[in-house]
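Mapping to the working numbering: the sequence shown position 222 is 225, numbers consecutive.
Positions of the beta carbon are idealized from the N, C-alpha and C atoms, including for glycine.
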Amino acid sequence: MTTVTRAYVSRIAGLPVFDPNGDRVGKVRDVVVALRVGTAPPRALGMIIEVVARRRIFCPIGRVTGMDASSVVLSSGTLNLKRFEQRAGETLVLGELLDRSVTISETGRPATVVDAAIEQTRTGDWVLSRLAVQEPGRLGRRGQLHQFAWDEISGLALPQTRQSAETLIATYRELNAADAAHALQDLPIKRRHEVAEAMDDQRLADVLGELPGGEQIVILGTLEEGRAADVLEVMDPDDAADLLSELSNVDRNRLLELMEPDEAEPVRQLLKYSEDTAGGIMTSEPVILTPDATIAEALARVRAPELTPSLASQVYVCRPPSGTPTGRYLGLAHIQRLLREPPSTLVSGVLDDLEPLHPEAPLGEVTRYFATYNLVAAPVVDPQGRLVGAVSVDDVLDHLLPDDWRERARRG
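Structure below.
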């Protein structure tokens, strides 16, 4: 597939959506964006996909790994099948932006939006960058069609007088999650909760992962329970497990029950391990490939923008099934090694047979393992020989540093 980096939404609508194995999961119906204050282009949040029985679900844009004129490909076949419900701050491109009246900034002439293009930035995010607009025609004729950048059209962006929470979110849009978390902590408690409520699920999940445990619990507790479960679903399973482990058994079980079963199960598995072991700090979603995968496929998988650099540094080859716990673990391949081999080579032919960690390995053993082998990520394999997750160096550091290290960094 030749992946495009810009696509008009009307041309995406109706395209079939496939999982990494080539199985069809549905078709695209719309794109969800978040309008922003001023001239900043809206950020694309995800796609609405119609699956079986005309059910429309939400798929985060980060799950999209390929797109061309004939199809859309996702990084995973695991989808949240909860019916899509539009939230405050969300706008549907086809459903709400098209046919809107706008003004061409340069000429002051009125026009109507007839299409909109989403474009991938260098950071891997998608924004709604361009608009196709049509001027009014004369004597029943069609008016002239133009294409403009988002900031060359007025009448669609959020007004500056909109809620201050949305204004604050707009000022945080260029911040990474850690810096946004620091900025959030500097706000008065009431405003902090307003901003958290106004964030979309993915952004709030990223920011929560960078907050101290106590702050996470307070903010999660201010959300309606259904929304809290949705945010937990889009968090990395290890971060969600860490957060839930701080709650009472009653609150933890209630939120797990509200989560989609496919999203809750990895979190339940992680909660079984002690927090100071390899199993307690690992993520259950490393890059996993089957033995027949090629190096080209491996390199395509590690380009996924939601992967941290440490998890993208290597791939793990296992017998099916490819979700954790997998079939028999066969070995790992470092990306640096893959870059030296022909793309058509099988990943299974260049495996490192490094002895994996066990889930019960204490933190001290994990630390020595990383230091001995100069790794940034390591496989965790259970007694049955199945890959159950991977520990990354940032997970190790997070547990070695003092509990208040984030607070100290903020004060510094």
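CA-CA distance, residue i and residue j?
{"i": "Leu-246", "j": "Ile-220", "result": "7 Å"}
{"i": "Leu-418", "j": "Leu-357", "result": "The shown model of the chain, from 4 to 415, leaves out residue 418, and the question about it has no answer."}
{"i": "Pro-269", "j": "Thr-327", "result": "8 Å"}
{"i": "Ala-231", "j": "His-402", "result": "25 Å"}
{"i": "Ala-307", "j": "Gly-127", "result": "8 Å"}
{"i": "Pro-240", "j": "Ser-287", "result": "7 Å"}
{"i": "Arg-141", "j": "Gln-147", "result": "10 Å"}
{"i": "Gly-392", "j": "Asn-377", "result": "19 Å"}
{"i": "Arg-331", "j": "Thr-293", "result": "10 Å"}
{"i": "Gly-334", "j": "Pro-386", "result": "15 Å"}
{"i": "Thr-225", "j": "Val-396", "result": "32 Å"}
{"i": "Gly-216", "j": "Ala-184", "result": "12 Å"}
{"i": "Thr-8", "j": "Pro-365", "result": "44 Å"}
{"i": "Thr-348", "j": "Arg-66", "result": "26 Å"}
{"i": "Ser-79", "j": "Cys-62", "result": "11 Å"}
{"i": "Thr-81", "j": "Asp-265", "result": "7 Å"}
{"i": "Thr-68", "j": "Glu-300", "result": "11 Å"}
{"i": "Val-31", "j": "Phe-373", "result": "43 Å"}
{"i": "Leu-100", "j": "Val-55", "result": "27 Å"}
{"i": "Ser-73", "j": "Val-12", "result": "13 Å"}
{"i": "Glu-309", "j": "Thr-94", "result": "23 Å"}
{"i": "Glu-122", "j": "Ala-181", "result": "25 Å"}
{"i": "Arg-46", "j": "Gln-205", "result": "12 Å"}
Label residue i either buried or exposed according to how many other C-beta atoms from any shown protein chain fall within 10 Å of its C-beta, with 16 as the threshold for buried.
{"i": "Ser-104", "result": "exposed"}
{"i": "Val-253", "result": "exposed"}
{"i": "Leu-207", "result": "buried"}
{"i": "Gly-415", "result": "At Gly-415, the pLDDT of 48 sits below 50, so the modelled position is not reliable and the matter cannot be decided from this model."}
{"i": "Val-116", "result": "buried"}
{"i": "Ile-192", "result": "exposed"}
{"i": "Gly-212", "result": "buried"}
{"i": "Gly-17", "result": "exposed"}
{"i": "Pro-362", "result": "buried"}
{"i": "Asp-355", "result": "exposed"}
{"i": "Asp-242", "result": "buried"}
{"i": "Ser-316", "result": "buried"}
{"i": "Leu-404", "result": "exposed"}
{"i": "Gln-163", "result": "With a pLDDT of 46 at Gln-163, under the threshold of 50, the modelled position of this residue cannot be trusted, and the question is left open."}
{"i": "Ala-91", "result": "exposed"}
{"i": "Glu-88", "result": "exposed"}
{"i": "Pro-359", "result": "buried"}
{"i": "Leu-187", "result": "buried"}
{"i": "Gly-25", "result": "exposed"}
{"i": "Ala-10", "result": "buried"}
{"i": "Asp-102", "result": "exposed"}
{"i": "Ser-313", "result": "buried"}
{"i": "Gly-158", "result": "exposed"}
Please state whether DSSP places residue i in a helix, a strand or coil.
{"i": "Lys-30", "result": "strand"}
{"i": "Asp-203", "result": "coil"}
{"i": "Gln-272", "result": "helix"}
{"i": "Thr-110", "result": "coil"}
{"i": "Pro-365", "result": "strand"}
{"i": "Ala-120", "result": "strand"}
{"i": "Asp-209", "result": "helix"}
{"i": "Leu-390", "result": "strand"}
{"i": "Ala-47", "result": "strand"}
{"i": "Val-7", "result": "coil"}
{"i": "Gly-80", "result": "coil"}
{"i": "Ala-37", "result": "strand"}
{"i": "Phe-373", "result": "helix"}
{"i": "Leu-18", "result": "coil"}
{"i": "Gln-147", "result": "coil"}
{"i": "Ser-248", "result": "helix"}
{"i": "Arg-194", "result": "helix"}
{"i": "Asn-89", "result": "It is Gln, not Asn, that sits at residue 89 in the sequence shown. Coil, per DSSP."}
{"i": "Gly-69", "result": "strand"}
{"i": "Glu-94", "result": "The sequence given here places Thr at residue 94; Glu does not occur at that position. Strand, per DSSP."}
{"i": "Pro-23", "result": "coil"}
Hey, would you say residue i sits closer than 9 Å to residue j, going by beta carbons?
{"i": "Gln-150", "j": "Ala-135", "result": "yes"}
{"i": "Val-130", "j": "Leu-77", "result": "no"}
{"i": "Ile-52", "j": "Ile-60", "result": "yes"}
{"i": "Val-384", "j": "Val-394", "result": "no"}
{"i": "Val-34", "j": "Ile-15", "result": "yes"}
{"i": "Arg-271", "j": "Val-290", "result": "no"}
{"i": "Glu-228", "j": "Leu-258", "result": "yes"}
{"i": "Val-350", "j": "Val-369", "result": "no"}
{"i": "Arg-133", "j": "Ala-152", "result": "yes"}
{"i": "Leu-48", "j": "Asp-203", "result": "yes"}
{"i": "Ala-119", "j": "Thr-106", "result": "no"}
{"i": "Asp-154", "j": "Ala-43", "result": "yes"}
{"i": "Arg-58", "j": "Arg-39", "result": "no"}
{"i": "Leu-390", "j": "Leu-341", "result": "no"}
Could you tell me if the beta carbon of residue i falls within a distance shorter than 8 Å of some heavy atom in the ligand COA?
{"i": "Val-136", "result": "The model on display carries no ligand, and the ligand COA is accordingly not part of it."}
When the cut-off is 9 Å and only beta carbons count, does residue i lie next to chain B?
{"i": "Leu-366", "result": "Given the protein chain composition of this structure (a single chain), no chain B is represented."}
At 3 residues or longer, and completely inside the stretch 288 to 329: list those beta strand (DSSP E) runs for me, N to C.
-> 317 to 321
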